[in-house]
Amino acid sequence: MFDVSPMSHLPDENTRRRFVEIMGASIALAGASACTKQPREAIAPYAAEVPEEAVPGETMYFATAVIQQGLAQGVLVKSNMGRPTKIEGNPLHPASLGATSVATQAAILSLYDPDRAKTVRGPGGAATWGDFETASRAFDRSGLRILTTSLTSPSLGRQLREVLEATPGAQWIQYEPTGPHSARAAAQMVFGRSLNHFVQFDKVEVVLALDSDFLVCGPLSTRYSRDFANGRPQNRLYAAESTLTATGGKADHRWPLDPYAIEALASEIAVRMNVPGAASSGVSGVPQGELDALVNDLRNHRGRAVLIAGDETTPRVHALAHAVNAALQAPVVFTDSLEFEGADQLGLLRQLTAEMHAGKVKALLILGGNPVYDAPADLDFASALGKVPASVHLSLYEDETSAVCTWHLPESHSLETWSDARAYEGTVTILQPLIDALYSTRSAHEIVGLLQGTPTRGYEVVRSTWSSLDEAAWNQVVHDGIVPNSALPVLAGIVPGPVPGPAKRNALSGLTVTFRPDTYIGDGQLANNAWLQELPRPITKLTWDNAVLLSRATAQRLRLDVEDVVELESGGRRISGPVVIAAGQPDDCATVHLGFGRTRSGKVGNGAGFNGYPLRTVGAFHHVNGVAARKTGRTVPLAVTQLERDDHDRQPFRPHGKEPPKELTLYKPWNYTGYSWGMAIDLTACVGCNVCVVACQSENNIAVVGKSEVRKHRFMHWIRVDTYLEDDGSARHQPVPCMQCENAPCEVVCPVHATVHSHDGLNDMVYNRCVGTRYCSNNCPYKVRRFNFYLYSDWVTPSLMLQRNPDVTVRSRGVMEKCTYCVQRIRRTEIDARKVGRSIEDGEIQTACQQACPTRAITFGDINNRTSAVVLRKKDKRNFSLLAELNTRPRTTYLAEERNPNPLSPKRLS
-9 MFDVSPMSHL PDENTRRRFV EIMGASIALA GASACTKQPR EAIAPYAAEV PEEAVPGETM
51 YFATAVIQQG LAQGVLVKSN MGRPTKIEGN PLHPASLGAT SVATQAAILS LYDPDRAKTV
111 RGPGGAATWG DFETASRAFD RSGLRILTTS LTSPSLGRQL REVLEATPGA QWIQYEPTGP
171 HSARAAAQMV FGRSLNHFVQ FDKVEVVLAL DSDFLVCGPL STRYSRDFAN GRPQNRLYAA
231 ESTLTATGGK ADHRWPLDPY AIEALASEIA VRMNVPGAAS SGVSGVPQGE LDALVNDLRN
291 HRGRAVLIAG DETTPRVHAL AHAVNAALQA PVVFTDSLEF EGADQLGLLR QLTAEMHAGK
351 VKALLILGGN PVYDAPADLD FASALGKVPA SVHLSLYEDE TSAVCTWHLP ESHSLETWSD
411 ARAYEGTVTI LQPLIDALYS TRSAHEIVGL LQGTPTRGYE VVRSTWSSLD EAAWNQVVHD
471 GIVPNSALPV LAGIVPGPVP GPAKRNALSG LTVTFRPDTY IGDGQLANNA WLQELPRPIT
531 KLTWDNAVLL SRATAQRLRL DVEDVVELES GGRRISGPVV IAAGQPDDCA TVHLGFGRTR
591 SGKVGNGAGF NGYPLRTVGA FHHVNGVAAR KTGRTVPLAV TQLERDDHDR QPFRPHGKEP
651 PKELTLYKPW NYTGYSWGMA IDLTACVGCN VCVVACQSEN NIAVVGKSEV RKHRFMHWIR
711 VDTYLEDDGS ARHQPVPCMQ CENAPCEVVC PVHATVHSHD GLNDMVYNRC VGTRYCSNNC
771 PYKVRRFNFY LYSDWVTPSL MLQRNPDVTV RSRGVMEKCT YCVQRIRRTE IDARKVGRSI
831 EDGEIQTACQ QACPTRAITF GDINNRTSAV VLRKKDKRNF SLLAELNTRP RTTYLAEERN
891 PNPLSPKRLS
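Numbered according to the numbering used here, the sequence shown terminates at residue 900, and the numbering increases by one at each position without gaps.
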């Protein structure tokens, strides 16, 4: 899929003589075939197939959703003549508000993945849907079990409950390898029932994040980061975490603590807030003066302060957070649970596996997920699955679980099917297909319908669920993407009960290992998405791999260096992976990101990284202590996009103290009488999530180059996010697109005028002129130009061609490319405005990075319009130009980052 071998793009060994021979034979054969009478065929104009509302060449948008951990992210999908090519946020949807997450942007690539499962496989090999329908009638349903991932779909939930009612003894189990397991357990612990809760960050002024990367990770991150950024810099963020995250890097105060010290800190805060039943261990890991300042800050902001616990913390940390939030009257909203069956997913999965081992399960239907790969290691799910007479797996890929099941069924992508799902607060989103199924696939609705004996289409199932809507209301719901007034009612008077005491823990020597889902590929379901594999992680800047993150002191004690392979062993279970020395990592703590080490994900994901799941058990689901570490003597080369993480006091993300002197120039300044485009990026709002990077990649047909080329720093991203780390664990993020310099150093050195200035101030690339001298790249002080050393773009795979934006040229080998300010969007808007004789309104044009950004850190517009949003930002006293002393006069400028440390804390971040 990403063949970047130098030899693969050189001419083959066919000589000119051989070429002439082949062409001569071809011409002769063509003449012979012309003597044969061809059958008469009728042709029809394509226009007859165009939908009535479609205009050839014009794009259309359709509302639907992308599902993450069962929750809906409302999106608008751009369609070019029936081909979905780009995903944007739905501004009407509460979970997105017009923005997107990285996984949402990349979902379009998964749709066209050539490695997707295409056909049915049965016990004897390749089979048909008819074969499966016949075989399914013979399944022994007295011991039927249905295993799904977390579900909030009203339609699918209704179908499954109907199956349970019609099949005595059948059971439905949900399991998600990552997600709010501890939150569910904590709700049972202190409320006595399953509850859903979320934080209203638009009402929060002080936040304490307990191992929670709420700004970047999880299905609520898009909404959370928007609300949090709206409050900057007035709000204040504290973070205590076991590994440096994007959220911790943005904190005004941060403490690196092991998982057990985080629980002790939560207990200490609860004691000081007079929470009933709370007990102090006397050791919080936070210096006394800083702890006093934190607690006083929380008290002083009663009603506007909140504790938020991460998915990787213990249930007791979540319970303590609920108790403290109740004492603070924090803006936390409770609703009934969004999910259908069983709060204790781990307990139910353990029960299911025991029944499988005992031979009690006669038929198992697995809808999505990959439990053979990601179930806790001590359950031995693969062995248990082999004891089930009839096992069926519906999934996008023929993965590790499919290989063990007797039947594998190819699943339709969410952009190919009708369905519904709830958002984080219960609002129902309707999913509609953007394209007919590319392969012979079916949705979960259709499989369950077949199980019910009433084969049906997804549309019929969803329409039946919402039959109370008349046709006009239904059409409006499909158009908007949401069912109005469908959010779950807010529960009042929710008061937590006493928090149980801490569990006894044996003091063991060795490391404490924390398991976290990867920031981008999550639990591994997205491992075959090349955009996500090559996207630099927010802090480590690592691509195509995971690693064992260690502090420098711990690595030195174990005599380990970067790229050394270390073996981690606990309870006879072992994993091994390369070491990365991570800033802000607590001593004697290791972090392992899950989702890698796949063996049956596809050509992209297979072999990328190492598998961390074999060390994870039911009892050590989030972290395990007493882990032995051993240096193996091997090394693994890692692909990192930013080698230098120290700014060396050059402060590239802060303005200079005085205006740089005006340098002499040989060129007369150009007078822009019409539109003149520019950009401003607010570093206070930027959280380093990299959504802008993948949105740009999707919009502009940017190629993936592979791990070996990334190691040579030949990655093709048009915008990068530089991250500078401080000794105290804080991180500074700076998105760097093309600066669109007015005095562009690249233009004056190009011998063929392939990079030129446009009438509206853009630094344009003319691909057909470029001969690949790379003088422009050498002369660019910002290093934002990208060169196609090989033919990185896939010109062979048919499905990948469907994803590409027809408004953007696909570049070939030997061509330089860079950020264009999404010039195709500018020109399309200009043409549309000119056709009706109007001017372009401020904000009408959005670049791909700007539109996707959840924190609205990027502003774009006409800098000749004195009242435009971008001009107002550029007038801010924080506005500065990168490397302004070079007098390149960049049109992309920055607003210096502001933070709000507690003035009463003994330790303030730099």
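All residues carry an ideal CB built from backbone N, CA and C; glycine is no exception. Predicted, not measured: the structure shown is a model, and the values here were computed from it.
Per DSSP, the beta-bridge partners of residue 559 are 564, 618.
Assignment of residue 814 by DSSP, reduced to helix, strand and coil, places it in the helix class. Short of 7 Å from the beta carbon of residue 767, and not among the five residues preceding or following it, lie these beta carbons of its own chain, in chain order: 775, 777, 806. Restricting attention to beta strand (DSSP E) runs no shorter than 3 residues, the stretch 385 to 427 encloses them at 397 to 400, 409 to 412, 418 to 421, ordered along the chain. For residue 518, the number of other beta carbons within 10 angstroms of its own is at least 16, and it is reported as buried. In the DSSP assignment, residue 186 is bridged to 325. Take residue 352, set aside five residues on each side of it, and the residues of its chain with a beta-carbon closer than 8 Å to its own are 129, 130, 131, 132, 133, 134, 378, 379, 380, in chain order. Here the C-alpha atom of residue 444 lies approximately 11 Å from the C-alpha atom of residue 451. Between residue 237 and residue 539, the gap from beta carbon to beta carbon reaches 8 Å or more. Looking at the DSSP output, residue 162 sits in a beta bridge with 136. Going by DSSP, residue 883 is part of the beta strand (DSSP E) stretching over 882 to 885.
Within the stretch 519 to 552, the runs of alpha helix (DSSP H) at least 4 residues long that lie entirely inside it are, in chain order, 520 to 523, 542 to 547. Excluding sequence positions up to five before and after residue 104, its CB lies within less than 6 Å of the CB of 787, 789, all in the same chain and listed in chain order. Taken in chain order, the unbroken stretches of alpha helix (DSSP H) that lie wholly in the stretch 800 to 856 and span 4 residues or more are 813 to 825, 838 to 842.
Per DSSP, the continuous alpha helix (DSSP H) segment holding residue 218 begins and ends at 211 to 220. By the Cβ criterion, the stretch 70 to 88 is not in contact with the stretch 179 to 193, since fewer than three pairs of Cβ atoms, one from each stretch, lie closer than 8 Å.
The continuous beta strand (DSSP E) containing residue 70 extends over residues 61 to 70.
In the three-state scheme derived from DSSP, where H, G and I count as helix and E and B as strand, residue 288 is classed as helix.
Take the alpha-carbon of residue 206 and the one of residue 360: they are about 24 Å apart. If you look at residue 311, you'll find it in the alpha helix (DSSP H) that goes 305 to 318.
Note that the C-beta distance between residue 719 and residue 573 is below 8 Å.
Between the C-alpha atoms of residue 599 and residue 503 there is a straight-line separation of about 17 Å. Nearest to residue 230 by alpha-carbon distance, out of 200, 214, 220, 299, is 200. For residue 472, there is no enclosing beta strand (DSSP E), as DSSP gives it neither H nor E. In the pairwise beta carbon analysis, the stretch 496 to 515 is classified as not touching the stretch 316 to 331: fewer than three pairs are separated by under 8 Å. Counting of Cβ neighbours within 10 angstroms places residue 589 among the exposed residues, the total staying below 16.
Assignment of residue 688 by DSSP, reduced to helix, strand and coil, places it in the helix class. When 624, 473, 416, 884 are compared, the shortest CA-CA separation from residue 675 is found for 884. Counting along the chain, residue 144 sits inside the alpha helix (DSSP H) bounded by residues 144 to 156.
The beta carbons of residue 195 and residue 291 sit about 5 Å from each other, so the pair counts as a contact at 8 Å. Around the beta carbon of residue 465, fewer than 16 other beta carbons lie within 10 angstroms, which makes this residue exposed. A contact between stretches requires three or more CB pairs, one per stretch, nearer than 8 Å, and the stretch 603 to 610 fails this requirement with the stretch 524 to 535.
For residue 890, no beta strand (DSSP E) segment is defined, and its DSSP state is neither H nor E.
The shortest C-alpha to C-alpha distance from residue 815 to any of 358, 793, 840, 804 is the one to 840. Nearest in C-alpha terms to residue 61, of all of 612, 404, 671, is 404.
Inclusion of residue 342 and residue 137 in the CB contact set at 8 Å is warranted, their separation being smaller than that value.
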